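Structure first, commentary second.
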Amino acid sequence: PIDLMMAQENSSSSSKKKTKFVNLYAKEGQDKLAVLLPGRHSCECLAQKHALINNCLSCGRIACEQEGSGPCLFCGNLVCTKEEQEVLQRDSNKSQKLRKKLMGDCSERELLPHQEAKIKAGLEKAVQHKDKLLEYDRNSVRRTQVLDDESDYFSTDSNQWLAPNERAQLRKKEEELRELRHASRKDRKITLDFAGRQVIAEGADLTDYYNKLDETLKAMNSGPTSQSPGYSGRKGEERNLRELINPNITQSAPEWVDIGGNKDTKRPKEQRKGLVEQKAGEERHRLRLQDKELQELSDGGWCLSMHQPWASLLVRGIKRVEGRTWYTSHRGRLWIAAAAKKPTAQEIAEVEAMYRHSYRKEPKFPKDYPTGCLLGCINVTDCLSQEQFREQFPDTCEESASPFVFICTNPQELLVKFPMKGKHKIWKLESHYHQGAKKGLVPSAAD
Numbered sequence: 001p002i003d004l005m006m007a008q009e010n011s012s013s014s015s016k017k018k019t020k021f022v023n024l025y026a027k028e029g030q031d032k033l034a035v036l037l038p039g040r041h042s043c044e045c046l047a048q049k050h051a052l053i054n055n056c057l058s059c060g061r062i063a064c065e066q067e068g069s070g071p072c073l074f075c076g077n078l079v080c081t082k083e084e085q086e087v088l089q090r091d092s093n094k095s096q097k098l099r100k101k102l103m104g105d106c107s108e109r110e111l112l113p114h115q116e117a118k119i120k121a122g123l124e125k126a127v128q129h130k131d132k133l134l135e136y137d138r139n140s141v142r143r144t145q146v147l148d149d150e151s152d153y154f155s156t157d158s159n160q161w162l163a164p165n166e167r168a169q170l171r172k173k174e175e176e177l178r179e180l181r182h183a184s185r186k187d188r189k190i191t192l193d194f195a196g197r198q199v200i201a202e203g204a205d206l207t208d209y210y211n212k213l214d215e216t217l218k219a220m221n222s223g224p225t226s227q228s229p230g231y232s233g234r235k236g237e238e239r240n241l242r243e244l245i246n247p248n249i250t251q252s253a254p255e256w257v258d259i260g261g262n263k264d265t266k267r268p269k270e271q272r273k274g275l276v277e278q279k280a281g282e283e284r285h286r287l288r289l290q291d292k293e294l295q296e297l298s299d300g301g302w303c304l305s306m307h308q309p310w311a312s313l314l315v316r317g318i319k320r321v322e323g324r325t326w327y328t329s330h331r332g333r334l335w336i337a338a339a340a341k342k343p344t345a346q347e348i349a350e351v352e353a354m355y356r357h358s359y360r361k362e363p364k365f366p367k368d369y370p371t372g373c374l375l376g377c378i379n380v381t382d383c384l385s386q387e388q389f390r391e392q393f394p395d396t397c398e399e400s401a402s403p404f405v406f407i408c409t410n411p412q413e414l415l416v417k418f419p420m421k422g423k424h425k426i427w428k429l430e431s432h433y434h435q436g437a438k439k440g441l442v443p444s445a446a447d
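FYI, UniProt numbering numbers position 110 of the sequence shown as 110, with every residue one higher than the one before it.
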């Protein structure tokens with residue numbers, strides 16, 4: 001009985017033994033479902049059943065583990081894993097051995113049948129296209145020729161420079177030519193030459209008439225220029241224009257002055273030498289074309305950067321001129337900006353002492369000399385050379401020894417100094433700075 005009980009327990013335990021569960025979507029399940037044949041074989045699983053090797057860089061085919069590393073089974077280019085590709089890029093002995101192993105010891109691969117057919121078809125298409133382009137180049141003149149019936153006769157309506165009598169003459173010639181070309185067949189005369197066995201149609205050859213028409217056109221083109229209908233009355237119009245002169249204008253009428261060298265060649269050498277020196281000074285003024293009055297009225301927002309303490313003295317009206325090594329055609333309002341360099345106490349004392357000596361009364365100097373900001377504005381009335389400056393302003397000629405001197409008037413100072421970074425020569429203010437600066441001006445004058 002005891003043996004029977006043990007036998008029954010063993011049978012019941014074996015019958016209750018559970019089966020092992022395998023997930024088909026896990027790696028273990030995929031390995032059991034996938035069949036991997038030895039060697040390289042074509043597989044269309046798109047790396048779903050087998051592991052991915054890589055994509056072919058030529059045709060894009062997805063190579064799986066069944067196809068393996070080596071030549072692509074579609075185009076023949078090398079397909080390998082990333083690790084193998086890193087080894088091949090080293091260009092070492094190991095990489096050369098690996099390349100020979102993967103490519104099967106074949107340095108030059110043969111083309112597949114479908115590749116060879118594709119290359120031949122492309123070559124034939126390219127040759128046909130080449131022949132087509134060469135043929136187009138040969139007959140381009142014939143293909144692009146324009147047959148314009150308008151060019152068979154002279155168009156009288158399109159030429160606006162013809163006189164009325166010339167236009168009427170050409171219109172008459174045109175009508176005669178059209179009648180000859182489109183004449184009725186009933187009016188034609190035909191001569192039958194039985195001996196020569198030919199038919200001669202009179203009036204069919206219009207060469208003589210065309211030659212006469214060409215002679216007429218040449219005579220019109222080579223003759224005197226046609227005058228417009230109002231040309232004859234120009235002298236009368238000039239007389240009438242004299243009556244339109246404004247009697248309120250007191251200045252004399254402008255006259256033309258010839259500045260060329262044609263008349264100078266006829267003069268003797270002694271006179272020409274004197275004129276050369278005179279014209280040398282006038283040449284610079286002749287080339288400066290500006291409206292002085294208009295520039296003085298307008299404010300374009302132009303600014304000049306100066307070092308302290310001269311900038312504040314110019315805005316206060318103590319300094320009356322400013323010297324530069326370059327000429328400017330600017331006239332009118334010029335804004336003054338102080339540079340970022342701070343003046344020393346010694347420089348300020350020397351400049352103030354110089355102006356105390358030049359003025360009879362001691363001027364009211366500014367308490368401080370701010371830097372890196374917009375101070376105010378002045379009006380530039382003229383820009384003179386050093387020689388002209390000494391002649392016209394002998395009293396103030398000691399203030400500047402520069403080649404060019406700006407004559408400054410009407411100094412105005414800003415209540416609030418705008419911080420600003422200066423630039424070289426004369427530069428333009430930004431619009432928002434310019435609009436704000438115009439509202440904060442205060443007239444200033446030297447004591």
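We treat Cβ as the ideally placed atom computed from N, Cα and C, and that holds for glycine. Owing to the predicted nature of the structure, the values given are computational and were not obtained by experimental measurement.
{"Query": "Residues of its chain near Leu287, where Cβ-Cβ distance is below 6 Å and the 5 sequence neighbours each way are ignored", "Result": "Interpretation of Leu287 is limited by its pLDDT of 44, a score under 50 that renders its predicted location unreliable; the figure taken from the coordinates is listed afterwards. Excluding residues within five positions, none has a Cβ falling inside 6 Å."}
{"Query": "Reference Glu116; option with closest CA among Gly301, Ile190, Gly76, Tyr369", "Result": "Gly76"}
{"Query": "Reference His50; option with closest CA among Pro394, Ala63, Cys59", "Result": "Ala63"}
{"Query": "Element boundaries [beta strand (DSSP E), containing Arg324]", "Result": "321-324"}
{"Query": "Span separating the alpha-carbon of Gly436 from that of Thr325", "Result": "31 Å"}
{"Query": "Environment of Val380 [buried if 16+ CB atoms lie within 10 Å]", "Result": "buried"}
{"Query": "Run of the beta strand (DSSP E) containing Trp427, from where it starts to where it stops", "Result": "426-428"}
{"Query": "Opening and closing residue of the beta strand (DSSP E) in which Pro411 lies", "Result": "404-419"}
{"Query": "Nearest candidate by alpha-carbon position, reference Cys80, set Asn93, Glu65, Asp91", "Result": "Glu65"}
{"Query": "Same chain, Cβ closer than 8 Å to Glu322, neighbours up to 5 away in sequence not counted", "Result": "Leu304, Met306, Trp310, Leu314, Ser400, Val405, Phe406, Cys408"}
{"Query": "For Val146, the three-state DSSP class (helix, strand or coil)", "Result": "coil"}
{"Query": "Cα-Cα separation between Gln169 and Arg142, rounded to whole angstroms", "Result": "36 Å"}
{"Query": "For Ser140 and Cys72, the rounded distance between their alpha carbons", "Result": "48 Å"}
{"Query": "Distance between Ser402 and Lys361 (C-alpha atoms, nearest Å)", "Result": "26 Å"}
{"Query": "Where Phe389 falls, given that 16 or more other Cβ within 10 Å makes a residue buried", "Result": "buried"}
{"Query": "Bridge-paired residues (DSSP) for Ser305", "Result": "Ala337"}
{"Query": "Buried versus exposed call for Val199 [16 or more other C-beta atoms within 10 Å across all chains shown]", "Result": "exposed"}
{"Query": "Gly60 burial status per 10 Å Cβ neighbour count (16 or more: buried)", "Result": "exposed"}
{"Query": "Residue from Gly422, Trp427, Arg178 with nearest C-alpha to Lys341", "Result": "Gly422"}
{"Query": "8 Å Cβ cutoff met for Thr328 and Cys377", "Result": "no"}
{"Query": "Between the CA atoms of Leu37 and Lys101 - distance to the nearest angstrom", "Result": "20 Å"}
{"Query": "Proximity of Asp299 and Arg333 at Cβ, strictly below 8 Å", "Result": "yes"}
{"Query": "Residue interval of the alpha helix (DSSP H) (run including residue 448)", "Result": "No information on residue 448 is available, as it lies outside the stretch 1 to 447 that the chain covers here."}
{"Query": "Member of Leu52, Lys20, Ser69 whose CA lies at the smallest distance from the CA of residue 456", "Result": "Residue 456 cannot be examined here, being either before or after the span of the chain that is shown, 1 to 447."}
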